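Protein chains in written order, with the working numbering: chain A, 1 to 329; chain B, 1001 to 1329.
Protein chains: 2
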Amino acid sequence: MSKPTIYSIAQRCGVSAATVSRVFNRPELVSPRVREQVTAVARELGYLPNPAARGLVTGRAETIGLIVSDITNPFFPLLVRSIQRTAERMGSSVMLVDAEESAAAEVRHVARLRGRVDGVIVASPRSSSAALREAAKGLPCVLLNRPLRDLSSVLCDNTSALFEAGEHLHKHGHRSFALLAGPSASWAAARRSQAIRGWARGRGVELTELGPFRATFKGGRQAGAALLETAATAAFAFDDLTACGVLAELAGRGVAVPGDRSVVGCDDVLLARTVTPSLTTVTAPMDDLGAIAVQVLTRQIEAPGGAPEHHRLPGVFVARDSTGPRSTS
Amino acid sequence: MSKPTIYSIAQRCGVSAATVSRVFNRPELVSPRVREQVTAVARELGYLPNPAARGLVTGRAETIGLIVSDITNPFFPLLVRSIQRTAERMGSSVMLVDAEESAAAEVRHVARLRGRVDGVIVASPRSSSAALREAAKGLPCVLLNRPLRDLSSVLCDNTSALFEAGEHLHKHGHRSFALLAGPSASWAAARRSQAIRGWARGRGVELTELGPFRATFKGGRQAGAALLETAATAAFAFDDLTACGVLAELAGRGVAVPGDRSVVGCDDVLLARTVTPSLTTVTAPMDDLGAIAVQVLTRQIEAPGGAPEHHRLPGVFVARDSTGPRSTS
DNA sequence: AGGAACAATGAAAGCGATTGCATTGATTCT
DNA sequence: AGAATCAATGCAATCGCTTTCATTGTTCCT
C-alpha cells in the first residue's frame, strides 16, 4: 500500500491521470459523474496531492516565509498569528524564522528561504537597507516596520498617537520629559524618537534624550536608571518591554509610578496589561498589519516586478495606570 | 536568463547533469578538477537547488512542522527558538502553526502539514489522546508535554521542583496552601496538581484546591479572587501567566505579596522576571526540551515505525520575590 | 601482457503532478 | 445531411533533480 497518487486513483476509476488532476484543479472541466466518482475514491484512499510534485510544475510552494527579528519580543506573537491566519485563508503555509536579533542572520535566512517559499515578510528588520535590498533581489518581499523605496512595506506609524500621549501627560502637569530611545538599527525607534522630539518642540517643553537602549527588559532597567539621573517627571519608553524594565527599576529603587514619575510604552503587548501598574501605551493594529502584509505579498507574488506598495497604519493611544498627575514635590 | 539548473551548469562545464548533481550530494565521487569547476560555475550563476524537485525524488521536504497550542502564551517563544535552532543545525526548516487554543485546529493542522513536512512536533496539545493518535497515524510525530504510549514524547516534569517550592514555603512558616489548578485538558496541569497534592499530603499541611482556571492572565485574576476567599497564606499557580493574574488581582485589592500571601508560578517565562514582585517559579529547560524534541523527531523520520521514545526533563526551582515569610497576623 | 578492480562519468528512468494539444462523440446550425 | 461547435477526456511533454546501471579509461596484479 504505497501512497495514493493521481495514477492509482485514475486506475481505480478507469480514467486518465489528467482527468483526476482536473477534478482537483478545474473541476468544471470534468463531467459530474466522473467528478464525483474520483472525489469518492480519492477520499476513500486518503489521497493527498504531493506538494513537491505540484510545486515543481507550477513553480509555487504555496508557502510564505516570515522572518522576525526576535521572537521572544512579545510584540511578535500576535503579529505571527495574524499573518498565519491570513496566509491560511489564501491557501498558504507560513515558514517562520527567528533571526535572534542578528542582522546577518536575517539576510542569511532570506537566502535560505529562497526557493522554498513564494515570498517573504521581514518583520522589524535590523539589517541595513542595502543588505535587505540585495537579499530580496528577485524575491517577492514585504517589509514590516521599515520603509524602503524599492520594496513594499507596511508600517505602523505612532506619530499622532505619541502626540496624544504627550498631550495627555502635559494635561497632567508634566513639563519635563525624557525620551528613552530604542535600538538605532530599528526604523520604529527612529520614527518614534522623531515624533516625540517634534511634539516636545511644538509644545515648548523640556526633553532629555537618553539611550539608545536595547529593546529588552534589561535595556529597560538601564533606561530606568538613566531616567532617575534626570529631573524628568515623565518618560517615553521605546516599547512596552523597555517600559516594563523601567517600571521594575523604578519600583526597585522605591520610586512610585505614576506618583513620582509617569511612563508610557508603545505597542500594547500582553505585558502592558499584566504589569503593575498597567502601562499607558500606544496600541498597534496587529491584525491589520499582518493581514495587509500578507495581501501585499500575495499581490507581489502574482505580479512579480510590480510596483512596490507602501502602507501606513496609525497606532492608537490608550491611557492606563502608569501615567498620572505630576508629583507635587 | 531563467533560473539556473543543474543542466545549465552541466552545459557550461561540458559535463552531464548527473555529475553536477553528484558534486552537491556525493562530492567524493567526482574528480577534484570537475568538482571545483562545477562549484565555481554554480556560484557564479547563483545556482540554488530546487527543493521541490529534490523533494519529489527523495521524498523528503527537509522541513518539520511545529504546532503550538497558543502562540501568545509566553511559554512558547523560547521553545520555538530552540526548536528552530536545532532544526536548522539538522538542515531542516520549521513550519510553525498556531492552533489558537483549539483542539480541532490542532488536528486539522496536522492533516494539512502532512506531505509538506517530514514530521511534526505538537507542543502542549489540547486534543484528546485518541484524536492525536489518529491524526499522527503514519506521520513521524513528537509530543511535547503530553505523554502517549504509542507516540514519542518529551516532557517537562516539575514534580521535584514543586516539592522544593513547597519546602521553601514551609520553611518560611506557611502551613495552609492553595492549589490553583490549570486547564483540565492540559497534561502539565494535571501533573502539577498531582505533585503538589503529593507534597502536601506527605508534609501533612492543609491544601485547598481551587479551579480549574484558564491558563491566561484573566484566569489568573479569577484564581486570585478565589484565593482570597480562603485562609491559605501561600498559593501554587498553574503557570507564570496565571500567577501574574493572581498578583494583579491581589495588588488591586491591596493585598501585599509576599507580605500577606506568597505565590509561586511555573515555567519561568520572561514575564516572571518582569512582573513586580518577581515570581518565585520553576524554570523549564526550554533549550533542552526543544533540542531533544527535534532529535527524537529526526530519529523517527529516519527510522519510520521505530519504537517511540519518551524523555522526561526536570524543572528547576528558583526563588524570587513573590514568596516570603508567613505574615504574622 | 592479459585480465581484474576501480575511479570517473554519462545515459536514462523515474518522482507525481500540471497542461497544451489532439481526439472523440454529441449537439447545433444552415 | 454535412459542417461546425463544444464538452469531456486522453496522450505525452515537462518541471529539476536523484540514482541505478552501463561505459570507458587507468592502474595494478600475477
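No residue lacks a Cβ here, since even glycine has one placed at the ideal position from N, Cα and C.
For clarity, every value in this text was computed on a predicted model and none was experimentally measured.
Do you know whose CA, among the options, lies nearest residue i's CA?
i                       : options                           : result
residue 213 of chain A  : A/227, A/200 and A/76             : A/227
residue 1155 of chain B : B/1286, B/1008 and B/1319         : B/1286
residue 1079 of chain B : B/1140, B/1284, B/1290 and B/1050 : B/1290
residue 323 of chain A  : A/315, A/293 and A/282            : A/282
residue 338 of chain A  : A/29, A/38, A/25 and A/21         : Since the displayed chain A opens at 1 and closes at 329, residue 338 of chain A lies outside it and no answer follows.
residue 311 of chain A  : A/210, A/222, A/292 and A/196     : A/292
residue 257 of chain A  : A/325, A/221, A/304 and A/129     : A/325
residue 1301 of chain B : B/1115, B/1167 and B/1197         : B/1115
residue 98 of chain A   : B/1077, B/1126 and B/1008         : B/1077
residue 1224 of chain B : B/1185, B/1103 and B/1178         : B/1178
residue 1185 of chain B : B/1033, B/1041 and B/1145         : B/1145
residue 167 of chain A  : A/307, A/317 and A/242            : A/317
residue 206 of chain A  : A/170, A/240, A/192 and A/217     : A/170
residue 1242 of chain B : A/275, A/248, A/247 and A/254     : A/275
residue 230 of chain A  : A/261, A/96 and A/251             : A/261
residue 1138 of chain B : B/1119, B/1018, B/1250 and B/1053 : B/1119
residue 204 of chain A  : A/174, A/34 and A/16              : A/174
residue 82 of chain A   : A/307, A/210, A/295 and A/9       : A/295
residue 1298 of chain B : B/1007, B/1088, B/1109 and B/1047 : B/1088
residue 1049 of chain B : B/1307, B/1176, B/1040 and B/1005 : B/1005
residue 60 of chain A   : A/140, A/153 and A/306            : A/140
residue 1284 of chain B : B/1025, B/1011, B/1315 and B/1057 : B/1315
residue 1025 of chain B : B/1002, B/1058 and B/1254         : B/1058
residue 208 of chain A  : A/254, A/176 and A/251            : A/176
Thinking residue i and residue j are a contact (beta carbons under 8 Å), I'd like their distance in whole angstroms, please.
i                       : j                       : result
residue 1199 of chain B : residue 1162 of chain B : 7 Å
residue 117 of chain A  : residue 64 of chain A   : 5 Å
residue 22 of chain A   : residue 30 of chain A   : 5 Å
residue 1240 of chain B : residue 1269 of chain B : 5 Å
residue 1055 of chain B : residue 52 of chain A   : 4 Å
residue 96 of chain A   : residue 1096 of chain B : 4 Å
residue 1308 of chain B : residue 1152 of chain B : 4 Å
residue 74 of chain A   : residue 1147 of chain B : About 30 Å separates the two Cβ atoms, so there is no contact after all.
Can you say whether residue i is buried or exposed, counting buried as having 16 or more other CB atoms within 10 angstroms of its CB?
i                       : result
residue 267 of chain A  : buried
residue 1202 of chain B : exposed
residue 1277 of chain B : buried
residue 1028 of chain B : exposed
residue 219 of chain A  : buried
residue 1111 of chain B : exposed
residue 150 of chain A  : exposed
residue 1136 of chain B : buried
residue 1165 of chain B : buried
residue 272 of chain A  : buried
residue 125 of chain A  : buried
residue 1094 of chain B : buried
residue 32 of chain A   : exposed
residue 101 of chain A  : buried
residue 191 of chain A  : buried
residue 193 of chain A  : buried
Using a Cβ-Cβ cutoff of less than 7 Å, which residues in the same chain neighbour residue i once the five nearest sequence positions on both sides are dropped?
i                       : result
residue 91 of chain A   : 62
residue 1222 of chain B : 1213
residue 1327 of chain B : 1233, 1259 and 1260
residue 1009 of chain B : 1020, 1038, 1041, 1042, 1045 and 1047
residue 109 of chain A  : 67, 97 and 99
residue 244 of chain A  : 217, 220, 271 and 275
Going along the chain, which residues of its own chain have a beta-carbon closer than 6 Å to the beta-carbon of residue i, five neighbours each way excluded?
i                       : result
residue 1159 of chain B : 1195
residue 1280 of chain B : 1264, 1319, 1320, 1322 and 1323
residue 122 of chain A  : 67 and 143
residue 958 of chain B  : Any question about residue 958 of chain B goes unanswered here, given that chain B covers just 1001 to 1329.
residue 305 of chain A  : none
residue 103 of chain A  : 126 and 127
residue 1249 of chain B : 1221, 1224 and 1225
residue 107 of chain A  : 127, 131 and 135
So, at 8 Å on beta carbons, what are the nonlocal neighbours of residue i in its own chain, with the 5 sequence-adjacent residues on each side left out?
i                       : result
residue 189 of chain A  : 181, 182, 183, 212, 215 and 238
residue 246 of chain A  : 180, 220, 221, 223, 224, 227, 235, 237 and 263
residue 1255 of chain B : 1228 and 1261
Is any heavy atom of the ligand SAM found at a distance shorter than 6 Å from the C-beta of residue i?
i                       : result
residue 1276 of chain B : As presented, the structure is devoid of all ligands, the ligand SAM included, so that no description of it is given.
TODO: Answer yes if the region 1229-1237 of chain B comes into contact with the region 1132-1145 of chain B, meaning at least three C-beta pairs across the two stretches below 8 Å, and no otherwise.
DONE: Between the region 1132-1145 of chain B and the region 1229-1237 of chain B, the count of Cβ pairs shorter than 8 Å is below three; the stretches do not touch.
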